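To get our numbering, take the position in the sequence shown, counting from 1, and add 122.
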Amino acid sequence: MALAFLPDESHPMVDALLRTRVPRWRELNRAIDERDDMLDFALTLLDHDRDAALTNYFQNGLEQYELVKHIAAWRASRPARMLDFASGYGRLTRFLVHEHLADSVTVSDILEGGMEFQAGQFGVRTILSTQNPEEFAAPETYDVIFVASLFTHLPPATFTRWLRRLAQFLTKDGLLLFSVHDESIAPEGVADGIAFASYSESRVLDANDYGSTWVTESFVREQVRGIGAEWACVRLPRALSDWQDVYVVSPSAIEHPQPRRVPKGFIERAEVEKDGIHFDGWATAGDEAPERVDVCVDDEVVASVRTFHARADVAQWLGNETASHSGWSCVVPHTAVRSFRFQTATVSAYSRAGVERILFHGTLDAATAFVAKERARARDQQILACVAELAELRERLAVTAHERDTLAVRIDAMRQSRFWKARERWFALKRAARLTDEE
């Protein structure tokens, strides 16, 4: 099998990402199969910038691991067995194995190549999945089953069937974690609780079986009640990559589910001035303000912000009053930087609980280019919005003009009728007799 990244390959941006976030980071198996759709998706998303795509790949895997670890801790005991279902080529698996989240990790996917790759690289047990949910079989039950970005792609015919089938492999206190696209991010309305479109990022799976899916919360809860009226169901909005909702279900009660407030934010300025590199942006952490925003060069914090200024525009855009004071600014002194091209800069927002959201990770040169590109993208979106608004106004004007012309034709026809001519003679007589001033 050909590899897009070797197990022990070094990369300055990947090293900088892992070094302070992963224990024994040098021992982490970094192998990436060239068939991995997740890397291909990152390359497409990031305009084929391989450095940025590799960093994005490992960063997303690490963020998934932190999410699973947080939710697994809702139970008092450490998981003995875990199933990573629809695990692909192991973007998450490497972290599960490296960090020993569970005593035993099993992975499953319909991609045979993915199962061979993960067994060979990470030494995990594998189960080749099936098209038919009822044909899927696992040799044991699990304390944690994690399903990322599968139910975001399933058509209505298999959504509920897969949910019920996977629930059968939970232990009594087991937790089933799965992500969905909520109706709030659907391109159109979600009728009947679920909407499906036959397109996705997969290069190998049939889009009719693996497309794009959006659901309502009431639909998901109804499917869980169909498994068992007593089953617990907890929703975590935008918990995965600040995009997908995560649901946690269990045959036993979930007494005190702890939310995980992951900050979100954006860098709006990265410019070189005489006194240093100026960074401006905004950051928030859900229903609370973030603790701080740090800028690191390699592993050293070179600027930190703990005071945030007013940003009413962000609060309005997010629909969150807490974000009304989310603006931040800082300056990285030139003395803290040795190279714009070879040192890695990381801009991160932190919640009060210490949860990190990386807003940017790359070289300082790339930071200025990143901001310029995002500004251009924002302008393009504004132009598209204006073009769409103009087209709508033109359409409304055309409709109004058509209605006006139609009405003019009807009025002209009425004036030619015997009734209208009689009406005009009648009013002419009344005016002559000075009984009315009407025309």
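Heads up, the beta-carbon is just placed ideally off N, CA and C, and yes, glycines get one too. Since we're looking at a predicted model, the values are computed, not measured.
- According to the DSSP secondary-structure assignment, Ser426 is paired through a beta bridge with Asp416.
- Runs of the beta strand (DSSP E) lying entirely within the segment 164 to 226 and spanning at least 3 residues, in chain order: 203 to 207.
- In the structure shown, the three-state DSSP call for Ser448 is coil.
- Counting C-beta pairs closer than 8 Å gives fewer than three between the segment 231 to 239 and the segment 178 to 197, which falls short of the contact rule.
- One alpha carbon belongs to Ser132, the other to Glu517, and they sit about 57 Å apart.
- A buried status is given to Arg203, since no fewer than 16 other beta-carbon atoms sit within 10 Å of its beta-carbon.
- In the DSSP annotation of this structure, the continuous segment of the alpha helix (DSSP H) that includes Val346 starts and ends at 339 to 349.
- Beta bridge pairing from DSSP links Thr466 with Thr485.
- Non-local C-beta neighbours of Leu150 in its own chain, meaning closer than 8 Å and more than five positions away in sequence, comprise Leu140, Val144, Arg216, Phe217, His220, ordered along the chain.
- Judged by DSSP secondary structure, Pro278 falls within the alpha helix (DSSP H) whose first and last residues are 278 to 289.
- Counting other Cβ atoms within 10 Å of its Cβ, Pro359 stays below 16 and is therefore classed as exposed.
- Ranked by Cα distance from Thr335, the first of Ala351, Val346, Gly441, Ser306 is Ser306.
- Distance from the Cα of Asp314 is smallest, within the candidate group Ser320, Val302, Thr293, Val337, for Val337.
- DSSP places Leu250 inside the beta strand (DSSP E), whose first and last residues are 247 to 250.
- With respect to the C-alpha of Ala198, the residue from Glu377, Leu184, Ala208 having the closest C-alpha is Glu377.
- Comparing alpha-carbon positions, the option among Glu395, Thr142, Ala124 lying closest to Ile154 turns out to be Ala124.
- In this structure, DSSP gives His456 a helical state, which the three-state scheme calls helix.
- Put simply, of Leu486, Ala491, Val384, Leu551 the residue whose alpha carbon is nearest the alpha carbon of Glu478 is Val384.
- Taking a contact as a CB-CB distance under 8 Å, the pair Thr444 and Glu410 counts as one, their CB atoms being some 6 Å apart.
- Under the DSSP assignment, Lys396 falls outside any beta strand (DSSP E); it carries neither an H nor an E label.
- Listed in chain order, the non-local C-beta contacts of Leu165 below 6 Å within the same chain comprise Ala175, local neighbours out to five positions each way being set aside.
- Residue Ala194 holds the alpha-carbon nearest to the alpha-carbon of Leu223 among Ala194, Val415, Ala354, Thr490.
- Cβ-Cβ separation between Asp130 and Arg152: approximately 7 Å, consistent with a contact (criterion under 8 Å).
- Cβ-Cβ distances below 6 Å link Pro201 to Ala194, Ala224, Asp265, Val266 in the same chain, with the five nearest sequence neighbours on each side left out; the list follows chain order.
- His400 is positioned such that its CB atom lies closer than 8 Å to that of Arg391.
- Membership of Val136 in the alpha helix (DSSP H) is indicated by the continuous run 134 to 141.
- Note that the C-beta distance between Ala425 and Val454 is below 8 Å.
- Secondary structure of Glu410 (DSSP, three-state): strand.
- By the Cβ criterion, the segment 348 to 363 is in contact with the segment 276 to 293, since at least three pairs of Cβ atoms, one from each stretch, lie closer than 8 Å.
- Rounded to whole angstroms, the gap between the alpha carbons of Thr490 and Phe462 is 10 Å.
- Taking C-beta atoms as the reference points, Val302 and Tyr369 count as a pair closer than 8 Å.
- Here Thr293 is buried. Its C-beta has 16 or more other C-beta atoms within 10 Å.
- Note: Lys386 is bridge-paired with Thr406 in the DSSP secondary-structure output.
- Only exposed fits Val423, as fewer than 16 other CB atoms lie within 10 angstroms of its CB.
- Closest by C-alpha distance to Gln186, out of Met135, Val346, Ser363, is Ser363.
- When DSSP reads this structure, Leu298 sits in a beta bridge with Ile267, Val371.
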